[in-house]
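Engineer:
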Amino acid sequence: MSALSGGVFDGGPVDDDNAELRQLVADIGARSFEARLGSRRIPEIFDESLWRNLDETGLARLTSTPELDAGPQQLAVVLRGIARYAGAVPIAETDALAAWLGNTIGIELPVGPLTVAIADRDAAAATDVPWTRASVAVLLVMRNAGAARVGLIDPGRVDITDGHNLAGEPRDRVRFDVDAAALTEVDAALVDELLLRGSWCRCMQIIGALDAAAAMSVAHTTERVQFGRALSKFQSVQHSLAAMAGEIERARAVATLAVAAAADYGFSAPETEYAVTVARVVVGRAVTPVTTIAHQLHGAIGVTDEHSLWSVTMRAQSWTSDYGTTVGHARKLGRMALTAAEPWDLVIGNI
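Below, the structure written as structure tokens:
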């Protein structure tokens, strides 16, 4: 079974090797979601209770803790599950990005939430840094042609200009004054893998957000009565739900391919780069039609502060622009096709 199974259109509970993990994540996410019903605002507030539960169960650093022996499939379950409940925590940034990079280059990391700030070497600031104020440390990545430098910085010692994405998640501008010589030099390929991991994570999270939007839409149209019958009984509504299902399952299929590639080949392999690029294009293109249908079916109530729909649809919309845009990945995929020795091999994924 797929690590990304469990959507409203899947047809029932999933029984596989990750079933217990999936249920644990769902239980933790649902408790957080219910506790914040009607109280979500922009900007989002870091969910300390959710983070504490993730930390105590080992999920906060699931794949970056060798003793837990977890890989991409388990990480996908966690990312999708927490996004399914609009968790306000930097789970991807901590486990898949900062902790992985720190462990890889031998930087000792503090306990708690982490984030990554990426900046050009000649710049004095990084933009769109997630969850800076909620993090106990920021892993700074300064890029230069052919190489990069990485180091740990204290968020309390940098100048933070607060910002947020459409969903209210923190996306800050961080100004720093760091001596490049004090940072650890790494190969540029490591930064490329970091960005690929970020793209991969956003695909998993978008699937979770779209699953949530679908579940809310099915529930709303089933419960809402208009002209003497439930909205879900109207043919036009059924067509809309079917279109939504098609978009989500197509996105899930390519995201599942990206999970399999990462599990089989590792994140640094060209097979994974290809799979993630395809996933970013297909998943990104699914977001607008799915979120549009969800809001059309809900009507005005879906955009109110009190309703939870916007907390997942706006996350999905925002995540399509993290670690590259959908258009940017489509162009990258086109370049792969143009430079491939055998284009047909690229089409069938035989790289």
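Each residue of the sequence shown is one higher than the one before, starting from 1 at the first, in full-length UniProt numbering.
Cβ coordinates follow ideal geometry from the N, Cα and C atoms, glycine included.
Note that the coordinates shown come from a computational prediction; the quantities given were computed from them, not determined experimentally.
1. Does the distance from the C-beta atom of Ile118 to that of Val136 stay below 9 Å?
2. What distance in whole Å lies between the Cβ atoms of Thr320 and Val287, which are believed to be in contact at a cut-off of 8 Å?
3. If I follow the unbroken alpha helix (DSSP H) through Arg80, where does it start and stop?
4. Is Asn144 close to chain B? Criterion is C-beta to C-beta, closer than 9 Å.
5. Just to confirm my understanding: we take Leu297, look at its own chain, exclude 5 residues before and 5 after, and list those with CB closer than 8 Å. What are they?
6. Between which two residues does the beta strand (DSSP E) carrying Glu185 extend?
7. My guess is that Val150 and Leu101 are in contact by the Cβ rule of under 8 Å, so how many angstroms apart are they, rounded?
8. So what's Thr57 in DSSP terms, helix, strand or just coil?
9. Between which residues of its own chain and Ala330 is the CB-CB distance below 6 Å, once the five residues before and five after are set aside?
10. Looking only at C-alpha atoms, which of Ala147, Ile160 and Glu342 sits nearest to Ala180?
11. Quick check on this structure: which residue in Trp310, Ala341, Thr313 and Arg285 has the alpha carbon closest to the alpha carbon of Gly328?
12. With burial defined as no fewer than 16 other Cβ atoms inside 10 Å of the residue's Cβ, what is the status of Ala188: buried or exposed?
13. Quick one: Cα of Pro134 to Cα of Ile207, how far?
14. With a 10 Å radius around its C-beta and 16 neighbouring C-beta atoms as the bar for buried, classify Phe267 as buried or exposed.
15. Would the region 32-44 and the region 165-177 be scored as touching if the rule is three or more Cβ pairs under 8 Å?
16. When we look at the beta-carbon of Gly7 and count the other beta-carbons within 10 Å, is it buried (16 or more) or exposed?
17. Assuming the contact rule is C-beta atoms closer than 8 Å, Ile28 and Leu62 should be a hit. Round their C-beta distance to whole Å, please.
18. Answer yes or no: do Val116 and Leu139 have a C-beta to C-beta separation smaller than 9 Å?
19. Would you report the Cα separation of His307 and Ala263, rounded to the nearest angstrom?
20. Note down, in chain order, each residue of its chain lying with its Cβ closer than 8 Å to the Cβ of Leu346, except the 5 sequence neighbours on either side.
21. Arg175 bridges to which residues according to DSSP?
22. Compute the Euclidean distance between the alpha carbons of Glu223 and Ala258, then round it to the nearest angstrom.
23. Using the Cα positions of Asp159 and Ala123, report the straight-line distance between them to the nearest angstrom.
24. Do Leu4 and Ala255 count as a contact pair if the criterion is CB distance below 9 Å?
25. Taking only the alpha-carbon atoms, compute the straight-line gap between Asp55 and Val111 and give it to the nearest angstrom.
26. Give the single residue among Asp47, Arg80 and Ala96 whose Cα lies nearest to the Cα of Ala70.
27. State the Cα-Cα distance for the pair Ala279 and Ile45, rounded to the nearest angstrom.
28. Counting only the same chain and skipping the five closest in sequence on each side, list residues whose C-beta sits under 7 Å from that of Pro343.
29. Which residues in the same chain as Gln73 place their Cβ atom closer than 7 Å to its Cβ, once the five residues preceding and following it in sequence are excluded?
30. Measure the alpha-carbon distance for Arg84 versus Glu193 and round it to whole angstroms.
Structural biologist: Taking the geometry as given:
1. Contact: no.
2. Between Thr320 and Val287 the Cβ distance is about 5 Å, and since that is below 8 Å, they are a contact.
3. Looking at the DSSP string, the run of the alpha helix (DSSP H) that includes Arg80 is Pro72 to Arg84.
4. In the displayed structure, chain B is absent; only one protein chain is listed.
5. Once the five neighbours on either side are set aside, the close Cβ partners of Leu297 are Ser217, His220, Thr221, Leu231, Val237, Ser240 and Leu241.
6. Where Glu185 is concerned, the enclosing beta strand (DSSP E) stretches over Thr184 to Asp187.
7. Correct: roughly 7 Å between the Cβ atoms.
8. In the three-state scheme derived from DSSP, where H, G and I count as helix and E and B as strand, Thr57 is classed as coil.
9. Excluding five sequence positions before and after Ala330, the CB atoms of its chain that fall closer than 6 Å to its own CB belong to Val281, given in chain order.
10. Closest option to Ala180, Cα to Cα, is Ala147.
11. The residue from Trp310, Ala341, Thr313 and Arg285 with its alpha-carbon nearest to that of Gly328 is Arg285.
12. It is exposed - the Cβ of Ala188 has fewer than 16 other Cβ atoms within 10 Å.
13. This sequence places Ala at residue 134; Pro is not what is there. Here the C-alpha atom of Ala134 lies approximately 25 Å from the C-alpha atom of Ile207.
14. Within a 10 Å sphere around the beta-carbon of Phe267 sit 16 or more other beta-carbons, which makes this residue buried.
15. Contact holds between the region 32-44 and the region 165-177, because three or more Cβ pairs, one in each stretch, are under 8 Å apart.
16. With a 10 Å radius around the Cβ and a threshold of 16 neighbouring Cβ atoms, Gly7 comes out buried.
17. Contact between Ile28 and Leu62 fails: their C-beta atoms lie close to 12 Å from each other, not under 8 Å.
18. Yes.
19. Rounded to the nearest angstrom, the two C-alpha atoms are 37 Å apart.
20. So the qualifying residues of the chain are Tyr274, Met336, Ala337 and Ala340.
21. Arg175 pairs with Ala125 and Asp159.
22. Going by the C-alpha atoms only, they are around 36 Å apart.
23. Distance between the alpha carbons of Asp159 and Ala123: 14 Å.
24. At a Cβ-Cβ threshold of 9 Å, Ala255 and Leu4 count as neighbours.
25. Near 9 Å, if we compare the C-alpha coordinates of Val111 and Asp55.
26. The residue with the shortest Cα to Cα distance from Ala70 is Ala96.
27. Those two C-alpha atoms are separated by around 30 Å.
28. Here the set comprises Ala337.
29. Sequence-distant Cβ neighbours of Gln73 in its own chain, meaning closer than 7 Å and more than five residues away, are Ala3, Asn18, Val259 and Ala263.
30. The C-alpha of Arg84 lies about 25 Å from the C-alpha of Glu193.
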